[in-house]
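Input: a single structure, listed below in structure tokens.
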Amino acid sequence: MESFLGSVEATVLSFFFLVITFFPMEKVFSAKKQRFFRPSWGLDLCFFLGQYLLWGWLVLWALSSFSFWLDGIIPQSFRTAVANQPLWLQAIEVIVLSDLIIYWAHRLQHRVDILWRFHKVHHSAEHLDWLAAHREHPLDSIYTIGLINLPAFVLGFSLDILAGFIAFRGIWAIYIHSNVRLPIGPLRMLIGAPELHHWHHDLDRDAGNYANISPLMDIMFGTYTCPDHEPERFGIKEKFPKNYVGQMVHPLLPKRVVKELTKPKRKEESVQNDLKQDH
Ligand SMILES: [Zn+2]
Ligand SMILES: [Zn+2]
12 MESFLGSVEA TVLSFFFLVI TFFPMEKVFS AKKQRFFRPS WGLDLCFFLG
62 QYLLWGWLVL WALSSFSFWL DGIIPQSFRT AVANQPLWLQ AIEVIVLSDL
112 IIYWAHRLQH RVDILWRFHK VHHSAEHLDW LAAHREHPLD SIYTIGLINL
162 PAFVLGFSLD ILAGFIAFRG IWAIYIHSNV RLPIGPLRML IGAPELHHWH
212 HDLDRDAGNY ANISPLMDIM FGTYTCPDHE PERFGIKEKF PKNYVGQMVH
262 PLLPKRVVKE LTKPKRKEES VQNDLKQDH
């Protein structure tokens with residue numbers, strides 16, 4: 012009970028910390044004109060609360076069991092050598108290594124059907140801001156966070172570096188979804204910017220911009236795109252539930268059921284046919 016109350020407190024504090032940080036930025040440097048309580052704000056709040064109060068534990072549990080299982084793979088002498096390097100060098104290594112892994116892991120999320128099923132939940136957001144960053148299926152989070160952090164855990168980087176890195180990455184992921192466009196010019200080629208990730212969410216996207224922290228991987232592998240304006244619309248073209256439970260369950264349904272659910276209803280079909288004939 013006490014730990015539940017503790018996590019409620021942490022959730023409320025984090026929520027207000029994020030509002031205080033991002034609300035002024037989104038007001039002053041808005042990427043798009045958008046109300047604070049824009050459509051689907053409540054749905055994204057459910058994802059925020061779910062992540063903090065329910066699924067966060069599941070993700071942590073899955074990661075710690077998995078890292079325990081992997082522990083024996085790398086010789087201890089190698090891990091000690093990694094942890095004995097200067098901290099600045101470890102920091103650079105962790106960022107480059109995890110950016111390389113997340114780049115390819117993210118490309119796979121868009122290519123492999125079973126991964127896209129879960130990643131689609133994140134892409135179903137039609138409005139982006141700091142809160143929309145939390146729209147993520149917990150199994151999609153386990154895949155991403157696991158791949159970002161596990162190699163660093165397994166190689167034995169210093170815990171100071173890892174803790175700092177995990178916190179920084181969490182905030183950065185929220186920042187790149189925020190409704191913000193900062194005038195940083197060509198610097199965005201090096202350190203990344205929300206507009207790059209906004210294009211990744213483009214409704215008419217041919218994807219691109221898979222990297223998270225620095226876009227260097229996208230530049231290297233030819234998937235970098237940065238038009239000088241915001242995408243017209245965000246989201247996915249497929250029919251997708253617009254409520255929390257529906258979005259949590261949808262990726263788990265067999266293909267046959269999804270097909271049945273997304274089939275246009277007969278009545279609609281005949282209305283559409285009538286309209287076609289009218290033109
Ligand atoms: Zn994606
Ligand atoms: Zn995103």
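Residue numbers (our numbering): 12 to 290.
C-beta atoms are modelled at their ideal positions from N, C-alpha and C, and glycine is treated no differently.
Just so it is clear, the structure is predicted and the values come from calculations on it, not from any experiment.
Taking C-beta atoms under 8 angstroms as the contact rule, L64 and I113 fail to qualify, at a distance of about 26 angstroms.
Under a 10 Å Cβ-count criterion, F47 is classified as exposed, with fewer than 16 other Cβ atoms of the shown protein chains found around its own Cβ. Taking C-beta atoms as the reference points, V105 and F168 count as a pair closer than 8 angstroms. If only complete runs of 4 or more residues are kept, the segment 40-125 shows the alpha helix (DSSP H) at 52-61, 67-81, 87-94, 98-122, in order along the chain. Judged by the Cβ position, Q120 qualifies as a neighbour of ligand 1 at the 7 angstroms threshold, a heavy atom of the ligand being closer than this.
Using a Cβ-Cβ distance cut-off of 8 angstroms, the segment 129-145 and the segment 236-245 are in contact, since at least three pairs of beta carbons, one from each stretch, lie closer than that value. Per DSSP, V269 has no beta bridge partner at all.
The beta carbon of H134 sits closer than 6 angstroms to the beta carbons of I247 from its chain, once the five residues preceding and following it are set aside; these are given in chain order. The C-alpha of L272 lies about 56 angstroms from the C-alpha of N95. When N254, K266, H261, K270 are compared, the shortest CA-CA separation from L56 is found for N254. Note that the segment 189-202 touches the segment 210-230; at least 3 beta-carbon pairs, one per stretch, sit closer than 8 angstroms.
Within the segment 152-204, the runs of alpha helix (DSSP H) that reach at least 4 residues and sit entirely inside it are, in chain order, 170-188, 199-202.
Relative to ligand 2, H212 has its C-beta within less than 7 angstroms of a heavy atom. Setting aside the 5 residues that flank it on each side, E241 is surrounded in the same chain by A42, K43, R192, E206, H209, each with a C-beta closer than 8 angstroms to its C-beta; the list follows chain order.
In this structure, the beta-carbon distance from A92 to I172 does not fall below 8 angstroms.
The continuous stretches of alpha helix (DSSP H) do not include Y221, and DSSP gives it neither H nor E.
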